[in-house]
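2 protein chains.
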Amino acid sequence: MDGALDRVGDAYREILANTSRESRDMVRHAARFNGKRLRPALTLAAARLAGSEVTDDVASSAAIVELIHTATLVHDDILDSADVRRKVATVNVRWGNHAAVLVGDVLFSKAYRAAAYLDDPFASRYLSDIVGQVLEGEIHQDHVSHDPSLGEEEYREIIRGKTASLYEAALVVGAHYGGASEDLKGSLGAFGHHLGMAFQIIDDRLDVTGDEATVGKSLGTDMSEGKMTLPLIIWRDGLAPEGREAAVARIQHAWSCDEGAQELASELHTSGALERTDTAAQAEIDRALACLTAVPEGADRQLLATIAGFVVRRRL
Amino acid sequence: MDGALDRVGDAYREILANTSRESRDMVRHAARFNGKRLRPALTLAAARLAGSEVTDDVASSAAIVELIHTATLVHDDILDSADVRRKVATVNVRWGNHAAVLVGDVLFSKAYRAAAYLDDPFASRYLSDIVGQVLEGEIHQDHVSHDPSLGEEEYREIIRGKTASLYEAALVVGAHYGGASEDLKGSLGAFGHHLGMAFQIIDDRLDVTGDEATVGKSLGTDMSEGKMTLPLIIWRDGLAPEGREAAVARIQHAWSCDEGAQELASELHTSGALERTDTAAQAEIDRALACLTAVPEGADRQLLATIAGFVVRRRL
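First to last, the protein sequences are chains A and L. Residue 0 is where the first sequence starts when you use numbering that gives the first Met the number 0, and the numbers rise one by one after that. Residue 0 is where the second sequence starts when you use numbering that gives the first Met the number 0, and the numbers rise one by one after that.
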């Protein structure tokens, strides 16, 4: 298990090799962001469930998905004015927005290049589609920012694109390069989708309740950026109709000042909205686990189930 | 000729189709930037010189190169704080930096996707390399910004990456998908390289001398951003050694305030540095034309020579 993840790490570093003297420090700095290595573990498990060894193509495709994720983080940080990610100063804080745009572009270009050099064009085609979905999710999110009327369905469409699609991709490329049947690829991809949905819902919750030192990134940023997250939606929708108007005003107040944000965070705690957010995440995990019934039994299926449990219980 | 360029336009729009409701306006706005259509004309000429019709692959590869160019412009505008490009407000001014980063990313992802769906993986592999060269050139340029000691050789290395590589690519993809021999591909690529070098040198000159209304983009930005352009390098290097220290101070003054920039622009006019910049551009054009001796005679070779003449005489 660890040895196989090391091979993904090797592939990741190899893809980033041959960087110019001027960009090397920034690229290395950005590449330190890869933290929990959840997606690479998912790719490897999917390949083994398809009956494959961890081949070079499997390791490369895992590294490419992780690199795409890293690139989106670098560009996200420009959007969010977030100062800290993984306890490391973000690229834009250290070198400016100029550099952060370009470094993210370099990471994307290296990911696309590595995909293009695989013999099978699947990764190149599929992952450029997935990147499109991630970006459309982020653009959609910007489009509805500061809109306290955002509905749960539209919220789910946004996080499907910006987060779940790349979890799905991590499983699908592993399954594909492991030689899985279309059925197995579909089941593993669906597992990844629901896992990613749960991951983002918990991320929303941690932005309200997390400990910044543990999580290792700036928290409360969703609130300060006017993001309508699931805890807010659940709280608003759980109120009696006559309380909705005041709720909208409280949300807008929370977006405009720290005191408002702190008051609303307390309200989310006491109203039970956070527990109901956890329940929604658990429901996605249950759907993910249901997808595993179509997957061969054994250590790797158990690993996927364990990762699913980790995602919903995580506090970082 | 115009009909073939229309096919590139159709391919360009087709690549950009299937954009989400939320991003459509921004993507369309960015895509209006493609102005002189020089690169598509070069791709088509290269394909015909290789003895090919304008096939779907040729038209697509021309559109992909142009789309990569568009994506880099959108991201450049974030870097440059440029307000106006092609007489249209830039994406970042109209929708903010958030959106401009994401729209550029969408354009890149659609370009990579279109390349990945061609049967022959050449475009996908080669163009991801080229994008890397463009980005490394831009990162290198940022790295030496506000350095009045930048030498001409290093300057040329920067513009080779940021500008000439994409001109070279326009020719190379046309030659490749037109079925050219490696020799012809090399000659056409070398023509594109020298043409791109000349294009950038003239761009540097127009930033000092151009008419904003004609050129259709913000001028004087190189100076306000502390860019060491060829007119400045030529002026500095043409002074007697005892004048260099004062020259460095004048360049730094020009980078720090508008009055300094205007005074230095006058000095560039009167000192003959601009004429010597034109001579340097013409030398690149002469090298480009020399590459054409290895290219089949006829209307398309003449077209390339005409474009070369336009590039060095252009005032927009």
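Note that CB positions come from ideal geometry on N, CA and C, so glycine has one too.
Checklist entry - Given a threshold of 16 other Cβ atoms within 10 Å of its Cβ, counted over all protein chains shown, does L/Glu52 qualify as buried or as exposed? => result exposed
Relative to chain L, which residues along the stretch 115 to 131 of chain A have a C-beta separation below 8 angstroms, given in chain order? Ala115, Tyr116, Pro120, Ser123, Arg124, Ser127, Asp128, Val130, Gly131
Can you give me the Cβ contacts of L/Ile63 inside the same chain, cut-off strictly under 6 angstroms, excluding the 5 residues immediately before and after it? Ala110, Ala113, Ala114
*asked:* Taking the alpha carbon of A/Arg300 as the reference point, which residue from A/Phe190, A/Gly237, A/Glu224 has its own alpha carbon closest?
replied: A/Phe190
Close beta carbons around A/Ser60, own chain, < 6 angstroms, minus the five adjacent residues each side: Ala122, Val172, Tyr176
For A/Tyr176, which three-state DSSP category applies?
-> helix
Measuring CA to CA, which of A/Asp257, A/His192, A/Asp128, A/Thr228 is closest to A/Cys290?
A/His192
As an exercise, report each continuous alpha helix (DSSP H) stretch of at least 4 residues that is fully enclosed by the stretch 194 to 265 of chain A, in chain order. 211 to 214, 220 to 223, 229 to 236, 243 to 255
Handout entry: Reference L/Glu137; option with closest CA among A/Glu135, A/Ile233, A/Ile306, A/Ser22
Key = A/Ser22
By the 10 Å Cβ neighbour count, where 16 or more other Cβ atoms means buried, how is L/Arg27 classified, buried or exposed?
exposed
Check your understanding: In the structure shown, what three-state DSSP assignment does L/Phe309 receive?
Key -> helix
Open item on the list: Nearest by alpha-carbon distance to L/Ala287: which of L/Gly150, L/Val311, L/Val102 is it?
Closed with: L/Val311
8 angstroms Cβ cutoff met for A/Ala397 and A/Ser223:
For residue 397 of chain A there is no data in the structure shown, the boundaries of chain A being 0 and 315.
field: Spatial distance of L/His139 from A/Leu66 (CA atoms)
entry: 22 angstroms
**Study point:** Whole-angstrom C-beta distance between L/Thr228 and L/Asp236, which should lie under 8 angstroms
**Key:** Going by Cβ atoms, the distance from L/Asp236 to L/Thr228 rounds to 13 angstroms, so no, they are not a contact pair.
Own chain partners of L/Arg367 with C-beta closer than 7 angstroms, once the 5 adjacent residues on each side are dropped: Residue 367 of chain L falls outside the range modelled here, since chain L spans only 0 to 315, and no answer is possible.
Mind checking whether A/Gly195 and A/Tyr154 have CB atoms under 8 angstroms apart?
-> no
message: Whole angstroms are fine: how far does the CA of L/Asp128 sit from the CA of L/Ala174?
response: 17 angstroms
Practice prompt. Using the Cα positions of L/Thr69 and L/Leu15, report the straight-line distance between them to the nearest angstrom.
Written response: 12 angstroms
TODO: Could you check what DSSP says for A/Asp82 in three-state terms: helix, strand or coil?
DONE: Reliability fails at A/Asp82, whose pLDDT of 49 lies under 50, so the model's placement of it is uncertain and the value that follows must be treated cautiously. Looking at A/Asp82 - three-state DSSP - the assignment turns out to be coil, as it is neither helix nor strand.
Q. Can you tell me whether DSSP reads L/Lys35 as helix, strand or coil?
A. coil
> Using DSSP with H/G/I as helix, E/B as strand and the rest coil, what is L/Leu149?
Replying inline: coil
- Query: Of the residues L/Asp56, L/Glu241, L/Val143, which one's Cα is nearest the Cα of A/Arg20?
  - Reply: L/Val143
Original post:
With burial defined as no fewer than 16 other Cβ atoms inside 10 Å of the residue's Cβ, what is the status of L/Gly297: buried or exposed?
Top reply: exposed
**OP:** Could you check if L/Phe309 is buried or exposed, using at least 16 other CB atoms within 10 Å of its CB as the buried criterion?
**Re:** exposed
For this session: Have a look at A/Glu262 and A/Asp277 and give me their C-alpha separation to the nearest angstrom.
Result: 20 angstroms
(request) List the residues of chain L whose Cβ lies closer than 8 angstroms to the Cβ of A/Val105, in chain order. (result) Gly131, Leu134, Glu135, Ile138
Q. Rounded to a whole number of angstroms, what is the C-alpha to C-alpha distance between A/Asn17 and A/Gly150?
A. 46 angstroms
Measuring straight from C-alpha to C-alpha, what distance separates L/Ala304 and A/Thr162?
50 angstroms
| task | Give a yes or no on whether the minimum CB-CB distance between L/His142 and chain A is below 8 angstroms. | result | yes
- List the residues of chain L whose Cβ lies closer than 9 angstroms to the Cβ of A/Lys109, in chain order. Ser127, Gly131
Check: Can you tell which of A/Gly103, A/Leu48, A/Arg38, A/Thr42 has its C-alpha closest to the C-alpha of A/Met25?
Finding: A/Gly103
_Rounding to the nearest angstrom, what Cα-Cα distance links A/Thr208 and L/Asp75 in this structure?_
38 angstroms
Per-residue contacts from L/Ser22 into chain A (C-beta, under 7 angstroms): Glu135, Ile138
Handout entry: Residue range of the unbroken alpha helix (DSSP H) whose run includes A/Gly103
Key = 96 to 115
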